[in-house]
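With the sequence shown counted from 1, adding 569 to any position gets you our numbering. Glycine included, each C-beta is placed from N, C-alpha and C at the ideal position.
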Amino acid sequence: MHHKVAVIGGDGIGPEVTEQAHRVSAAAAQRAGLELEYTVFPYGADYYLEHGVGIEPQRFDEFRDQYGAILFGAVGDARVPDMAHGREILLGARFKLDLYINLRPIKLFAPELCPLKDKGASEVDMVIFRENTEGLYVGVGGQVRKGSADEIATQTAVYTRKGTERIIRAAFNYARQNKRRSVCMTDKANAMRQGHELWQRTFREVAAEFTDIEHFHLYVDVAAMEMVRAPERFDVIVTENLFGDILSDLGAGLQGGLGTAASGNIHPNRCSLFEPVHGSAPDLVGTGQANPMAAVLSAAMMLNHLGCSPAAERIEQAVVDQIVAGETTPDLGGNLSCSEVGDRLLARVG
Ligand code: NAD
Ligand code: IPM
Ligand code: MN
């Protein structure tokens, strides 16, 4: 098997964590007999400031037609305060490649990383299916009388039946394939009567086709509380775009912080993008303290997507072993640097 992989480090700590994900995944793939050809692209704030464009739009056609995956770091730079480049690159990829599943696993790798008392690996083990192409992220809205006392701003959420149904269906299929007990759909239908009524109705209809999987609904405010109070209630969570964004950082907090939380922006069987849940972490730039594990685990998800689950499992095991050995960056209590964590992971994987 042979695949092309595009590497986009982006901004802040993005490039340094992505470099570790690149080399660790390359080693694991090679060991498993998967041929990967990586190409590094310079997109990020520097590129935007120099060229006036975040990413050339035709690049997405090239990715879709020729690449198996994109390994991504993070975007976000103070020199581009409105994040124009980030929306072009990251939301551009999600929308133009139609990466409708934002898959964000929440898994506790070692009990000492969990801030909750009396919760261990079997309690904190869930997967968020975040809808990734609709909701409040579509950019529909406007500003009138900007800067005046009578200013108006609107931001419209868009939900389609097709978009809602395909992410809910993906969550149920995942539950079935991965022997997960239940799917929880979370929304705010009590306040958002139009869009989230569509979510509720669609959820009930799709759930009826999956009689082997339990299903339940929680409003998103109580879901946030329950994830902290009783995380063991959750197996698979499916939700709309913005709620999925927020709940996935909450979930990252349950498993040891953003340094460990991985994600995949996926269209099944097509070029998909893999990135840590975290951002560019400006506070860590230049300190060498960025934890590369979230990026490395995202690369493992990429290897799974490319059909090489043994390589993915090898990386996950290496991360677990390394956390247990205390060979980590300071966010997990260790004293290694980003590249040193990468070196040790490489040794474990290779
Ligand atoms: P952030 O995720 O960058 O950082 C939040 C906190 O988590 C910080 O204290 C940071 O030090 C810590 N952290 C993040 N990654 C870490 C890692 N690998 N190891 C150890 N600690 C880590 O969120 P923010 O500060 O709100 O945002 C910074 C910039 O990133 C903003 O411009 C934001 O828009 C952008 N952002 C981008 C993405 C993305 O590219 N997918 C995601 C989130 C935020
Ligand atoms: C994420 C980020 C992005 C999002 C931002 C940078 C637009 O927070 O990937 O979680 O909100 O989706
Ligand atoms: Mn986020």
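TODO: Return the CA-CA distance between G708 and Y612, expressed in angstroms with no decimal places.
DONE: Within the sequence shown, residue 708 is the residue found at index 139, counting from 1. Within the sequence shown, residue 612 is the residue found at index 43, counting from 1. Distance between the alpha carbons of G708 and Y612: 22 Å.
Task: Cα-Cα separation between I624 and F779, rounded to whole angstroms - done: Taking the sequence shown and counting its residues from 1, the one referred to as residue 624 is at position 55. Taking the sequence shown and counting its residues from 1, the one referred to as residue 779 is at position 210. Between I624 and F779, the C-alpha separation is close to 41 Å.
Task: Cβ separation of A859 and C907, assumed to be a contact under 8 Å, to the nearest whole Å - done: The sequence position of residue 859 within the sequence shown is 290, counting from 1. The sequence position of residue 907 within the sequence shown is 338, counting from 1. With a Cβ gap of about 5 Å, A859 and C907 count as contacting.
Open item on the list: For the beta strand (DSSP E) containing M754, name the first residue and the last one.
Closed with: Within the sequence shown, numbered from 1, the residue matching residue 754 stands at position 185. Segment S751 to D756, the beta strand (DSSP E) holding M754.
Open item on the list: Just to confirm, is the Cβ distance from L677 to I835 under 7 Å?
Closed with: Position 108 of the sequence shown, counted from the start, is the residue given in the question as residue 677. Position 266 of the sequence shown, counted from the start, is the residue given in the question as residue 835. No. Outside cutoff.
Task: Contact test: S832 Cβ vs the ligand NAD heavy atom, cutoff 6 Å - done: Position 263 of the sequence shown holds residue 832. No - the ligand NAD has no heavy atom lying nearer than 6 Å to the Cβ of S832.
Open item on the list: For the alpha helix (DSSP H) containing M794, name the first residue and the last one.
Closed with: Start at 1 with the first residue of the sequence shown, and residue 794 comes out as number 225. Residues V789 to R798.
Open item on the list: With distance defined between alpha-carbon atoms, name the residue in A850, A793 and F664 nearest to A643.
Closed with: By 1-based counting over the sequence shown, the position of residue 643 is 74. For the residues A850, A793 and F664, the minimum Cα distance to A643 belongs to A850.
TODO: Flag this pair as touching only if the region 693–701 and the region 716–725 have three or more C-beta atom pairs under 8 Å; answer yes or no.
DONE: no
TODO: Return yes when at least one heavy atom of the ligand MN lies under 6 Å from the C-beta of D890, else no.
DONE: Numbered from its first residue, the sequence shown carries residue 890 at position 321. D890 Cβ: outside cutoff for every heavy atom of the ligand MN.
Task: DSSP bridge partner residues for M695 (one or two, in chain order) - done: Position 126 of the sequence shown, counted from the first residue, corresponds to residue 695. The partner list for M695 (beta bridge, DSSP) reads I675.
Open item on the list: What does the Cβ neighbour count give for A647, buried or exposed, with the cut at 16 atoms within 10 Å?
Closed with: Numbered from its first residue, the sequence shown carries residue 647 at position 78. With fewer than 16 other Cβ atoms within 10 Å, it is exposed.
Task: Same chain, Cβ closer than 8 Å to R750, neighbours up to 5 away in sequence not counted - done: As a first step, residue 750 is located in the sequence shown; it is residue number 181 there, counting from the start. The answer, listed in chain order, is A744, I782, E783 and D804.
Task: Proximity below 7 Å, CB of I721 to CB of V727 - done: Along the sequence shown, one-based indexing puts residue 721 at 152. Along the sequence shown, one-based indexing puts residue 727 at 158. No, these two residues do not count as a Cβ contact at 7 Å.
TODO: Provide the residue(s) that pair with T898 in DSSP beta bridges, ordered along the chain.
DONE: Your numbering for residue 898 matches position 329 in the sequence shown. Per DSSP, none; premise fails for T898.
- [ ] Would you kindly work out how many angstroms separate the C-alpha atoms of L915 and Q886, rounded to a whole number?
- [x] Numbered from 1 along the sequence shown, position 346 holds the residue referred to as residue 915. Numbered from 1 along the sequence shown, position 317 holds the residue referred to as residue 886. For L915 and Q886, the distance between alpha carbons rounds to 12 Å.
- [ ] Apply the 10 Å Cβ neighbour rule to E703 and answer buried if 16 or more other Cβ atoms are within range, or exposed otherwise.
- [x] Position 134 of the sequence shown, counting from 1, holds the residue named residue 703. The residue is buried, with at least 16 neighbouring Cβ atoms inside 10 Å.
Open item on the list: the ligand IPM and D814: does any heavy atom of the ligand fall closer than 6 Å to the residue's C-beta?
Closed with: Position 245 of the sequence shown, counting from 1, holds the residue named residue 814. Yes, since a heavy atom of the ligand IPM falls inside the 6 Å radius drawn around the Cβ of D814.
Open item on the list: If I measure Cβ to Cβ from D580 and keep anything under 7 Å in the same chain, skipping five residues before and after, which residues do I get?
Closed with: Residue mapping note: residue 580 aligns to position 11 of the sequence shown, counting from 1. Excluding sequence neighbours, D580 sits near G613, A614, A643, V644, G645, D646 and S849.
- [ ] Identify the continuous beta strand (DSSP E) that holds L872 and give its terminal residues.
- [x] The count along the sequence shown starts at 1 and reaches residue 872 at position 303. No beta strand (DSSP E) contains L872, which is instead part of the alpha helix (DSSP H) from M862 to H874.
TODO: Name the residue from G813, L866 and K573 whose alpha carbon lies nearest to the alpha carbon of P788.
DONE: Here residue 788 refers to the residue found at position 219 when the sequence shown is read from its first residue. The question names Pro, but residue 788 is Tyr in the sequence shown. Comparing Cα-Cα distances from Y788 to each of G813, L866 and K573, the minimum goes to G813.
TODO: Would you tell me roughly how many angstroms separate the C-alpha atoms of G711 and I736, rounded to the nearest one?
DONE: Counting from 1 along the sequence shown, the entry for residue 711 is found at position 142. Counting from 1 along the sequence shown, the entry for residue 736 is found at position 167. Using only the alpha carbons, I get a separation of about 28 Å.
TODO: Keeping to the same chain, check which residues put their C-beta closer than 7 Å to that of V893; ignore five residues upstream and five downstream.
DONE: In the sequence shown, counting from the first residue as 1, residue 893 sits at position 324. Same-chain partners within the cutoff: A679.
TODO: For N742, name the three-state secondary structure that DSSP assigns.
DONE: For the purposes of this step, residue 742 is taken as residue 173 along the sequence shown, with counting starting at 1. Helix, per DSSP.
TODO: Give a yes or no on contact between the region 648–668 and the region 588–603, applying the rule of three or more CB pairs nearer than 8 Å.
DONE: no
TODO: May I have all residues whose beta carbon comes closer than 5 Å to any heavy atom of the ligand NAD, sorted in chain order?
DONE: A643, V644, G645, L827, G828, H847, G848, S849, A850, D852, L853, A859, N860 and D900
Task: Supposed close pair P845, V586 - CB separation, criterion 8 Å - done: Counting from 1 along the sequence shown, the entry for residue 845 is found at position 276. Counting from 1 along the sequence shown, the entry for residue 586 is found at position 17. Between V586 and P845 the Cβ distance is about 6 Å, and since that is below 8 Å, they are a contact.
Task: Limits of the alpha helix (DSSP H) - the one that T587 falls within - done: In the sequence shown, counting from the first residue as 1, residue 587 sits at position 18. Here the alpha helix (DSSP H) through T587 covers G583 to R600.
- [ ] Would you decide whether P555 is buried or exposed? Buried here means 16 or more other CB atoms lie within 10 Å of its CB.
- [x] The chain is shown only over 570 to 919; residue 555 falls outside these bounds and no answer can be derived.
Task: Alpha-carbon to alpha-carbon, H620 and L872 - done: Mapped onto the sequence shown, residue 872 falls at position 303. Mapped onto the sequence shown, residue 620 falls at position 51. Spanning the two alpha carbons is a distance of roughly 32 Å.
Open item on the list: For A601 and M862, I'd like the C-alpha separation in whole angstroms.
Closed with: Indexing the sequence shown from 1 puts residue 601 at position 32. Indexing the sequence shown from 1 puts residue 862 at position 293. So the alpha carbons of these two residues sit roughly 20 Å apart.
Task: Minimum C-alpha distance to V888 - residue among E809, K573, Q589 and C877 - done: The residue given as residue 888 occupies position 319 in the sequence shown. If we check each option's Cα against that of V888, Q589 comes out closest.
Open item on the list: Measuring straight from C-alpha to C-alpha, what distance separates C544 and Q891?
Closed with: Any property of residue 544 remains undetermined from this structure, which presents the chain solely from 570 to 919.
TODO: Using 10 angstroms around the beta-carbon of V791, count the other beta-carbons present and answer buried if the total reaches 16, otherwise exposed.
DONE: Within the sequence shown, the letter at position 222 stands for residue 791. Flag for V791 reads exposed.
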